[in-house]
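In full-length UniProt numbering, the protein residues as written are 1 to 106.
Printed below as a string of C-alpha cells:
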C-alpha cells in the first residue's frame with residue numbers, strides 16, 4: 001500500500017530542529033533534516049458549516065512516509081516554495097508496510 005504512494009512523493013521538505021542552546025536559552029545553531037514528501041497547498045481558510053464565516057485552515061498539507069523524527073505541534077517545516085510554516089495538526093497512521101504521517105501546516 002505504501003509502495004503505491006512512493007511515486008507521489010515528488011517534493012522535498014526541510015524540518016527545522018531547535019539546535020543547541022547557550023546558558024541563557026538562546027539557540028546557537030539551527031539544525032535541519034530534508035525529507036521526501038508530497039505537499040498540497042490550500043487557501044488557508046474555509047467556511048464554517050453553521051455560521052458560513054471564514055475560519056482559518058491549513059495553508060499546506062504534507063504527507064510523509066516513515067518519518068524518522070518525532071513531529072509535534074509547533075514544529076517548523078520549510079516547503080519547496082521557501083515558505084516556513086508550523087505544524088497545526090498531525091495525523092499518524094500505522095499501516096502494514098510502515099507509518100504514514102499527514103501534517104497540516106499554518
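Idealized CB from N, CA, C, for every residue including glycine.
*Under 8 Å, do residue 58 and residue 82 count as touching if we go by C-beta distance?*
Cβ atoms of residue 58 and residue 82: not closer than 8 Å.
*Over the uninterrupted alpha helix (DSSP H) stretch that includes residue 4, give me the two end residues.*
2–5
*What does residue 45 pair with, by DSSP beta-bridge criteria?*
56
*So what does DSSP say about residue 23, is it helix, strand or coil?*
coil
*Could you have a look at residue 8 and say whether DSSP puts it in helix, strand or coil?*
helix
*Of the residues 77, 96 and 98, which one's Cα is nearest the Cα of residue 105?*
77
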